[in-house]
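In this note's numbering, the protein residues as written are 19 to 543.
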């Protein structure tokens, strides 16, 4: 940075809290924190103080201090108090007056302001915070009208100016907006408490994917995880090709970064913990994350990077299929989406009125339509309802809708990309599903079901068995429709369905999320 003098006013008598500047916040005094930020700017630093203790802290940090017990700052403008002092400092063209009462501010924020100053040297840069509020105006008839207003309130963080502006009668200010999270100014004990809590946070990066083709299951799991983390900062990182994932995460008001270079972006965030929910990871990718000092957790990972994480959670595999002490296997690590938190599981076997068909994602083998064909005649004879739930990327929409229209059966309902499948499950007594996460949702809701896998990898998910309440037909193949019809007819038998219900009733995954979150956050201790 070109020739700047940084002046840190550190007057003990101006503290709102006793010994405010030398009181430790998260293990470091406010004045030490301010000096550390100023040092990052690579400029000459002066600490102006009325305190011998603060003068000593500056000296021990190899910073020039100017001590005078009679120093004081009063009035509305710090410039009024410091013009004479600034003018006495020779050989400096520009000044940054940086106060220590915004402890969340970082050097990068001041550097951004300096960059703006260099393009607007005739201005005085002042730090501000954006505030929005609603107010009511009363018109001449006595009616009230509600309006929203936005203001930019000056905060005592920093001022940047040139020596030419020291005695300019017309002060020309240019506000620099500090993001609200960093713009906490210590004005009372509550501000102190908030600042300390924010400084104690760690940064967690969640690396996730999702698309029409891949489905949104990983996104929903990652969002469900993020919703549980309130004491730390959460940032999402997605490869830029997963535009749908980026939009979904952004719609939930999380910070999300879309990038070509995922590894570089994650490392630039300097995270304390990285959660990868992207299926198989590569060894080199995980080792680079670990080399940065970050803890690493992977979900649903059988790739070469899986064994190098702090732990890898493969909840869809009941039995270990890889060696390694860092692997966590089985349904005790599966957690439901948030929408199931208050969903009401079936408490007893009920008369079948509604059948759910759900194959999610793209349903590459069109098992939705195969299942519908297989059971339609049986359902018509019994006057049952069929509720079909398709993923947003379902590939055979026209074919399915044409079949439904031609069937002339009025009790078929189709829902696409729903976020409320738990509500549909509450009203469904049996189901036909793929062998992914939906199986665990059905188990939690106590719904005996027929399961068909889309491919060999899905077939390795071993939870869905008769002893757990599922009729597992294996991988899709020729003749699958007749097998579905045969199993469906059997499932309609009350005694057989009662047996499956008793088997499935043993399972509930409602507490798993707390267990998994506790284990993940335990890595930060």
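Think of the CB as a built atom: it goes at the ideal place given N, C-alpha and C, for glycine as much as any other residue.
Exercise. Would you report the Cα separation of residue 60 and residue 128, rounded to the nearest angstrom?
Worked result: Translated into the one-based positions of the chain shown, residue 60 becomes position 42. Translated into the one-based positions of the chain shown, residue 128 becomes position 110. Take the alpha-carbon of residue 60 and the one of residue 128: they are about 12 Å apart.
Problem set entry | DSSP state of residue 369 mapped onto helix, strand, coil | Here the question's residue 369 lines up with position 351 in the chain shown. Note: residue 369 maps to coil in three-state DSSP.
Exercise. Smallest Cα separation from residue 364: which of 522, 84, 149, 170?
Worked result: Locating residue 364 in the chain shown gives position 346, where the first residue counts as 1. Here the closest residue by C-alpha is 522.
Exercise. What distance in whole Å lies between the Cβ atoms of residue 232 and residue 379, which are believed to be in contact at a cut-off of 8 Å?
Worked result: What you label residue 379 is simply residue 361 of the chain shown in a count that begins at 1. What you label residue 232 is simply residue 214 of the chain shown in a count that begins at 1. Right, the Cβ-Cβ distance comes to about 7 Å (below 8 Å), so this counts as a contact.
Problem set entry | Inter-stretch contact (C-beta, 8 Å, three-pair minimum) for the stretch 350-367 and the stretch 508-527 | yes
Exercise. Given 8 Å as the limit, is there contact between the stretch 304-321 and the stretch 247-266, that is, 3 or more CB pairs closer than that?
Worked result: No: fewer than three Cβ pairs fall under 8 Å.
Problem set entry | Buried or exposed by the 16-neighbour rule on C-beta atoms within 10 Å, applied to residue 305 | Within the chain shown, the letter at position 287 stands for residue 305. Label assigned to residue 305: exposed.
Exercise. Does the beta-carbon distance from residue 346 to residue 329 come in below 9 Å?
Worked result: Against the chain shown, residue 346 aligns to sequence position 328. Against the chain shown, residue 329 aligns to sequence position 311. Contact: yes.
Problem set entry | Those runs of the beta strand (DSSP E) which lie wholly inside the stretch 42-129 and span at least 3 residues | 62-67, 82-85, 112-116
For this session: Could you name the residues that DSSP lists as bridge partners for residue 361?
Result: For the purposes of this step, residue 361 is taken as residue 343 along the chain shown, with counting starting at 1. In the DSSP output, where bridge partners are listed per residue, residue 361 has none listed.
Problem set entry | Residues of its chain near residue 81, where Cβ-Cβ distance is below 7 Å and the 5 sequence neighbours each way are ignored | What you label residue 81 is simply residue 63 of the chain shown in a count that begins at 1. Once the five neighbours on either side are set aside, the close Cβ partners of residue 81 are 53, 63, 65.
Exercise. With 16 other CB atoms within 10 Å as the buried threshold, where does residue 458 fall?
Worked result: On the chain shown, residue 458 is found 440 positions in, with the first residue counted as 1. It is buried - the Cβ of residue 458 has at least 16 other Cβ atoms within 10 Å.
Problem set entry | residue 503, DSSP secondary structure in three states | Along the chain shown, read from residue 1 onward, the residue named residue 503 stands at position 485. Reduced to three states, the DSSP call for residue 503 is helix.
Exercise. How about residue 393 and residue 247: do their beta carbons lie closer than 9 Å?
Worked result: Counting from 1 along the chain shown, the entry for residue 393 is found at position 375. Counting from 1 along the chain shown, the entry for residue 247 is found at position 229. Not closer than 9 Å, so no.
For this session: Check whether the Cβ atoms of residue 482 and residue 453 lie closer than 9 Å to each other.
Result: On the chain shown, residue 482 is found 464 positions in, with the first residue counted as 1. On the chain shown, residue 453 is found 435 positions in, with the first residue counted as 1. For residue 482 and residue 453, yes; Cβs fall inside 9 Å.
Exercise. Which whole-angstrom value describes the C-beta separation of residue 194 and residue 114, a residue pair presumed to lie in contact below a C-beta threshold of 8 Å?
Worked result: Counted from its first residue, the chain shown places residue 194 at position 176. Counted from its first residue, the chain shown places residue 114 at position 96. The pair is not a contact, with the Cβ atoms about 12 Å apart (cut-off 8 Å).
Problem set entry | Burial state of residue 126 (16 or more Cβ within 10 Å) | Stepping through the chain shown from its first residue, residue 126 is reached at position 108. Exposed, because fewer than 16 other Cβ atoms sit within 10 Å of the Cβ of residue 126.
Exercise. Cα-Cα, which of 180, 165, 123 is closest to residue 568?
Worked result: With the chain covering 19 to 543 only, the question about residue 568 has no answer from this structure.
Exercise. I think residue 44 touches residue 218, with their Cβ atoms under 8 Å apart; what is that distance to the nearest whole Å?
Worked result: Position 26 of the chain shown, counted from the start, is the residue given in the question as residue 44. Position 200 of the chain shown, counted from the start, is the residue given in the question as residue 218. About 6 Å; that satisfies the 8 Å criterion.
For this session: Could you check the C-alpha separation between residue 200 and residue 107 for me, to the nearest Å?
Result: Translated into the one-based positions of the chain shown, residue 200 becomes position 182. Translated into the one-based positions of the chain shown, residue 107 becomes position 89. Their Cα atoms are separated by approximately 30 Å.
Problem set entry | Beta-carbon contacts of residue 205 that lie in its chain and below 7 Å, excluding the five residues immediately before and after | Counted from its first residue, the chain shown places residue 205 at position 187. 34, listed in sequence order.
For this session: For residue 155, name the three-state secondary structure that DSSP assigns.
Result: Residue mapping note: residue 155 aligns to position 137 of the chain shown, counting from 1. Reduced to three states, the DSSP call for residue 155 is strand.
Problem set entry | Residues near residue 414 by beta carbon distance below 8 Å, same chain, minus five either side | As a working note, residue 414 is residue 396 in the chain shown. Around residue 414: 381, 384, 386, 387.
For this session: Keeping to the same chain, check which residues put their C-beta closer than 7 Å to that of residue 303; ignore five residues upstream and five downstream.
Result: In the chain shown, counting from the first residue as 1, residue 303 sits at position 285. Shown here for residue 303: same chain residues with a beta carbon closer than 7 Å to its own, the five before and five after excluded, namely 281, 323 in chain order.
For this session: Evaluate residue 149 with the Cβ neighbour count: other Cβ atoms within 10 Å of its Cβ, from every protein chain shown; 16 or more gives buried, anything less gives exposed.
Result: Within the chain shown, the letter at position 131 stands for residue 149. By the 10 Å Cβ count, residue 149 comes out exposed.
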